[in-house]
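Protein chains in written order, with this note's numbering: chain A, 2 to 176; chain B, 2 to 157. Even glycine gets a Cβ: it sits at the ideal position worked out from N, Cα and C. Structure first, commentary second.
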Amino acid sequence: MSDPGTITDSGSSGEAPVTMLATPIRLDYQYTAGLSQSRFLQGIAQGKFIGQRCPACHKVYVPPRGSCPTDGVATTDPVELSNSGTVTTYCVVNVPFQGQSIEIPYICAQILLDGANIAFMGLIQELPATDVRMGMRVEAVWLPKDQWGLTMASVKYFRPNGEPDADYETFKEYL
Amino acid sequence: MADSEVLRAPHVLEYPYVRSVGPVIGAFLTGLRDGRILGAQSRDAQGKATVIVPPTEYDPVTSADVGALVEVGQSGVVTTWSWAPEPKKDQPLDRPFAWVLVRLDGATTAMLHVVDAGSLDAMSSGMRVTARWRPAAERVGRVQDIECFVPEAANP
């Protein structure tokens, strides 16, 4: 084909040709947490981790989703969990990406709170990334009380709590 | 906990995409920025000359490379339309308007745009419309550089 530049150059404003087009996409959702997650977040606003127990298998889920994925029944019985837990597995993040807010390398871990039967993801700080290990005992570090709110951002991160590592047998079923 | 205590919060996902537009669409957008509408010269399956607006890099029917870009008219005919009685956020106009396919003078194909007709009664297939441009200083090289089309008589 012939060069389209010949026509756009003639009589144009003299500015550079357009080569790029911004096409931003924005999706405005209204997220509804549901009863179970709402109760969990109400607990967070009071500095507590609140899970729910399955009436059939007696496992405790945190954050609770309102039903037991194994038994398919509602989990209505609230359970307050410990502020401490065990690192079951982890990932050391070394790759920078857009929007990253934490200095790399940092540790992203699955943390099994004492009393819970499922791990959730948390940030580990206050130790070199090379020192993290499976079974490490950690505790939640919270923002100052006047900054607690209905958000997991109320928990700054987890850090080693000084206890000896947990025995592999105690968390192997949660990997 | 009553249902009224169920928490809700805004959750916004944004993807700040920037596309590279290529030589043909790029020339079309450059033309819009400069106040001109360009089409691509081509030929249909019978060999008859056509002008594709907005221009494509390949003829949509024959798949052949298109020829030179040419400027087409800034007025044309509404071939089909749909009335939007309640404009949504981020739509081209903040008052009732028509989505239209408009075949510009000198073009073979029709392009998607909007007509600011004031009322549904002013719309009809076959009506003539003309482009209303944004001020040159606000044009950046996108199809919204044409603010809208208006009935030809309303914009002599």
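Run down chain A in chain order and give the residues with a C-beta less than 9 angstroms from the C-beta of B:E87.
Correct list: empty, because the minimum Cβ distance to chain A is about 17 angstroms.
With DSSP as the reference, please indicate the residues paired to A:C92 in a beta bridge.
A:C109
So, for A:V142: in the same chain, excluding its five sequence neighbours on each side, which residues have a beta-carbon less than 6 angstroms away from its beta-carbon?
K157, Y158, R160
Backbone secondary structure at B:P24 - three-state DSSP
helix
Short check: CB of A:F41 to CB of A:P65, under 7 angstroms?
yes
In the DSSP assignment, what are the bridge partners of B:A132?
B:F150
To the nearest angstrom, report how far apart A:Q53 and A:K173 are at their CA atoms.
22 angstroms
Starting from A:Y169, trace the alpha helix (DSSP H) in both directions and tell me its first and last residue.
169-172
In the DSSP assignment, the alpha helix (DSSP H) including B:L39 goes from what residue to what residue?
Careful: B:L39 lies outside any alpha helix (DSSP H), inside the beta strand (DSSP E) at 39-44.
At a Cβ threshold of 7 angstroms, is A:M135 touching chain B?
no
Quick check on this structure: which residue in B:W84, B:A138, B:D60 has the alpha carbon closest to the alpha carbon of B:W115?
The question names Trp, but residue 115 of chain B is Val in the sequence shown. The shortest Cα separation from B:V115 among B:W84, B:A138, B:D60 belongs to B:W84.
List the residues that DSSP assigns as beta-bridge partners of B:Y18.
Answer is none; B:Y18 lacks a bridge partner.
Hey, which unbroken runs of the beta strand (DSSP E) at 3 residues or more fall wholly within the segment 50-87 of chain B?
50-53, 70-72, 76-85
B:G27: contacting residues in chain A (beta-carbon distance under 7 angstroms):
P18, V19, T20
Partner residues on chain B for A:P25, Cβ-Cβ distance less than 9 angstroms
E15, Y16, P17, Y18, V19
Confirm, please, whether the CB-CB distance from A:A23 to B:V19 is below 7 angstroms.
yes
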